[in-house]
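Below is one structure, written out as structure tokens, with a few remarks after it.
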Amino acid sequence: MKILKTLLFIFLYLTIPSLVFAQNTQRKVVATGGDGVYSLLRKNGLEPTKYYRAFIKLNKKNLTENNGLLKNRTYLLPTITKDTITNSETVSVTNKVEPKTIKRPIDTIVPIKQVNNPIFGKGYDDVLLKNNTLNGSIYYLISGHGGPDPGAIETYNNKLISEDEYAYDVTLRLARILISNGAKVYIIIQDKNDGIRDKKILEVDYDEVNFPDEPIQRSQKLRLRQRTKTVNTLYLKHKGAYQRLIVTHIDSRSKGKNIDVFFYHHHNSKSGKRLAENIHKSFKEKYAKYQPNRIYSGTVSSRGLYLIRKTFPPMVYIELGNIKNKKDQKRILNYQNRKALAKWIFNGLLVDYKESKKLN
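Everything in the sequence shown is counted per our numbering, starting at 397 for the first residue and increasing by one.
Here is the structure:
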């Protein structure tokens with residue numbers, strides 16, 4: 397019997413350390429195209445809402461600015477934790493101290509809500525739902541032109557740049573922020589394979605569609621009718637809700653004409669005017685902060701453009717700059733500036749939403 401006990405002791409002594417080491421080894425996985433954090437965790441048997449924050453903490457250096465995955469990059473998976481301790485673990489502590497409730501790490505118990513939308517492109521497709529500030533609000537976003545019509549065009553370093561690509565990029569960035577703050581968003585003009593692009597030169601293409609998946613008409617008049625009908629149909633579907641339409645364009649003027657971002661609204665719409673003024677105020681404040689030595693000359697005014705006259709929701713029509721002017725090109729070609737444009741527009745929309753709630 398003593399010999400058996402001795403042999404058992406030696407066996408356990410030699411094997412337990414290796415078992416512990418094996419259990420503590422961090423699992424690694426390689427991200428493939430189309431993977432987001434949520435999908436990667438699910439594929440590897442981990443509940444995303446439980447392990448999301450732990451994953452981000454482990455892999456922060458290998459993630460994009462928006463916590464997106466990089467294709468073919470290796471990532472560490474969080475160690476699986478148990479919600480309750482086992483009987484053997486209980487025995488090991490009860491003889492020494494009073495039993496204590498063992499809490500899971502805070503980063504595994506905070507519920508994380510996230511949606512995946514491929515329209516935003518790789519690295520941006522996972523959208524973290526930060527809060528419900530805009531819960532109940534509905535936004536329709538139209539980026540100018542699209543499909544057979546690229547809008548205003550210009551050459552930059554011998555490469556063609558077009559209005560629709562840059563207006564669309566700002567629109568996607570704005571949509572993503574709105575969704576993360578609890579809003580319901582309809583992106584009326586869509587390009588299924590472009591997404592948000594952190595590039596200076598955005599390649600011109602002609603494959604944009606009208607929501608939900610309609611080819612964009614070649615005739616300008618028919619194009620305007622098409623997107624107007626889409627917005628108005630959705631507006632009637634959501635009648636009674638807080639609804640706003642934001643249209644983004646980039647102007648084309650003489651190369652020497654540097655313009656600030658300016659805003660149009662319907663001449664009879666008090667809500668539309670207030671919307672435009674709130675975004676305008678946001679831009680004035682940001683220019684005063686970041687460029688205190690220059691005067692911001694962006695304006696708010698009414699105008700009788702087709703989309704302004706014919707669409708039902710209170711709306712603002714935004715001109716982001718002059719595509720032919722060198723200074724304005726810096727505003728729209730630098731993706732960090734496009735990111736700022738979207739954030740500044742959002743700041744104005746947020747103020748407008750809160751003011752409208754107070755008025756109602």
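Note that the Cβ used here is the ideal one computed from N, Cα and C, for glycine as well.
Considering only the alpha carbon of each residue, which of Pro514, Val581, Ile575 and Thr475 lies closest to Arg435? Within the sequence shown, numbered from 1, the residue matching residue 435 stands at position 39. In the sequence on display, residue 435 carries Ser and not Arg. The shortest Cα separation from Ser435 among Pro514, Val581, Ile575 and Thr475 belongs to Pro514.
Please classify Leu641: does DSSP put it in a helix, a strand, or coil? By one-based count along the sequence shown, residue 641 stands at place 245. In the structure shown, Leu641 sits in a strand (DSSP, three-state: E or B).
Taking DSSP as the reference, what is the three-state secondary structure of Pro611? Along the sequence shown, one-based indexing puts residue 611 at 215. Strand at Pro611.
Strictly by DSSP, which residues pair up with Phe659? Here residue 659 corresponds to residue number 263 of the sequence shown, with the count starting at 1. Val696 and Ile714, per the DSSP bridge assignment.
Cα-Cα separation, Glu443 to Leu437: Locating residue 443 in the sequence shown gives position 47, where the first residue counts as 1. Locating residue 437 in the sequence shown gives position 41, where the first residue counts as 1. Taking the straight line joining both Cα atoms gives about 7 Å.
Whole angstroms is fine: what's the gap from Ser615's alpha carbon to Gly543's? Taking the sequence shown and counting its residues from 1, one reaches residue 615 at position 219. Taking the sequence shown and counting its residues from 1, one reaches residue 543 at position 147. Taking the straight line joining both Cα atoms gives about 11 Å.
If you drop the 5 nearest sequence neighbours on each side, which residues of the same chain put their C-beta closer than 8 Å to that of Ala736? On the sequence shown, position 340 is the one that residue 736 refers to. Taken in chain order, the residues that qualify are Lys682.
Would you mind sorting Ile691 into buried or exposed? The rule is 16 or more other CB atoms within 10 Å of its CB. Stepping through the sequence shown from its first residue, residue 691 is reached at position 295. Exposed, since its Cβ has fewer than 16 Cβ neighbours within 10 Å.
Distance between Asn528 and Ile592 (C-alpha atoms, nearest Å): The count along the sequence shown starts at 1 and reaches residue 592 at position 196. The count along the sequence shown starts at 1 and reaches residue 528 at position 132. Each residue's alpha carbon lies about 23 Å from the other.
Would you list the one or two residues that DSSP bridges to Thr551? For the purposes of this step, residue 551 is identified with residue 155 of the sequence shown, where counting begins at 1. DSSP output for Thr551 lists Leu556 as bridge partner(s).
Using DSSP's beta-bridge definition, name the partner residues of Asp522. Here residue 522 refers to the residue found at position 126 when the sequence shown is read from its first residue. According to DSSP, Asp522 bridges with Asn512.
Quick check: Lys653 and His661, are their CB atoms within less than 8 Å of each other? Looking up residue 653 in the sequence shown gives position 257. Looking up residue 661 in the sequence shown gives position 265. Cβ atoms of Lys653 and His661: not closer than 8 Å.
When the Cα atoms are used, what is the spatial distance from Lys596 to Tyr564? Taking the first residue of the sequence shown as position 1, residue 596 is located at position 200. Taking the first residue of the sequence shown as position 1, residue 564 is located at position 168. Lys596 and Tyr564: Cα-Cα distance of roughly 14 Å.
To the nearest angstrom, report how far apart Leu641 and Tyr535 are at their CA atoms. As a working note, residue 641 is residue 245 in the sequence shown. As a working note, residue 535 is residue 139 in the sequence shown. Near 6 Å, if we compare the C-alpha coordinates of Tyr535 and Leu641.
Check this for me: beta carbons of Leu530 and Leu570, under 8 Å apart or not? Residue 530 sits at position 134 when you count from the first residue of the sequence shown. Residue 570 sits at position 174 when you count from the first residue of the sequence shown. For Leu530 and Leu570, no; Cβs fall outside 8 Å.
Please report the straight-line C-alpha distance between Leu755 and Val657, rounded to a whole angstrom. Mapped onto the sequence shown, residue 755 falls at position 359. Mapped onto the sequence shown, residue 657 falls at position 261. Cα to Cα, the separation comes out at about 28 Å.
Who are the Cβ neighbours of Asn432 in its own chain at under 6 Å, not counting the five residues just before and after it? For the purposes of this step, residue 432 is taken as the residue at position 36 of the sequence shown. Note that residue 432 is Gly in the sequence shown, not Asn. Only Asn512, Asp521 and Asp522 meet the Cβ criterion.
Cα-Cα separation between Ile584 and Thr475, rounded to whole angstroms: Reading the sequence shown from its first residue, position 188 is the one you call residue 584. Reading the sequence shown from its first residue, position 79 is the one you call residue 475. When rounded, the distance between both Cα atoms is 42 Å.
Among residues of its own chain, excluding the 5 on either side of Thr567, which ones have a beta-carbon nearer than 6 Å to its beta-carbon? Mapped onto the sequence shown, residue 567 falls at position 171. Around Thr567: Leu537, Ser539 and Thr644.
Determine the contact status of Phe679 and Gly694, defining contact as a CB-CB distance below 8 Å. As a working mapping, residue 679 is identified with position 283 in the sequence shown. As a working mapping, residue 694 is identified with position 298 in the sequence shown. Going by C-beta atoms, Phe679 is nearer than 8 Å to Gly694.
Buried or exposed (CB count within 10 angstroms, at least 16 for buried), Arg734: Numbered from its first residue, the sequence shown carries residue 734 at position 338. Buried, because 16 or more other Cβ atoms sit within 10 Å of the Cβ of Arg734.
Please confirm whether Ile646 and Tyr731 have their CB atoms less than 8 Å apart. Looking up residue 646 in the sequence shown gives position 250. Looking up residue 731 in the sequence shown gives position 335. Against a cut-off of 8 Å, the Cβ pair of Tyr731 and Ile646 comes out as no contact.
What is the rounded straight-line gap between the Cα of Val747 and the Cα of Lys706? Taking the first residue of the sequence shown as position 1, residue 747 is located at position 351. Taking the first residue of the sequence shown as position 1, residue 706 is located at position 310. So the alpha carbons of these two residues sit roughly 25 Å apart.
With Ser648 and Lys720 assumed to form a contact (beta carbons below 8 Å), what rounded beta-carbon distance in angstroms separates them? By 1-based counting over the sequence shown, the position of residue 648 is 252. By 1-based counting over the sequence shown, the position of residue 720 is 324. Ser648 to Lys720, Cβ: 6 Å. Contact.
Once the 5 residues before and after Ala579 are set aside, which same chain residues still bring their CB inside 6 Å of it? Your numbering for residue 579 matches position 183 in the sequence shown. Here the set comprises Leu530, Ser533 and Tyr535.
Once you ignore the five residues that flank Asn743 on each side, which residues in its own chain have a CB closer than 6 Å to its CB? Working through the sequence shown from its first residue, we reach residue 743 at position 347. Cβ neighbours of Asn743 beyond the five flanking positions: Ser678.
Rounded to whole angstroms, what's the CA-CA distance from Leu525 to Gln639? Just pull it up for me. Walking along the sequence shown from the start, residue 525 turns up at place 129. Walking along the sequence shown from the start, residue 639 turns up at place 243. Roughly 20 Å separates the two Cα atoms.
In three-state terms, what does DSSP make of Asn606? On the sequence shown, position 210 is the one that residue 606 refers to. Three-state DSSP puts Asn606 in a strand.
Which residues in the same chain as Lys739 place their Cβ atom closer than 7 Å to its Cβ, once the five residues preceding and following it in sequence are excluded? Residue mapping note: residue 739 aligns to position 343 of the sequence shown, counting from 1. Here the set comprises Ile573.
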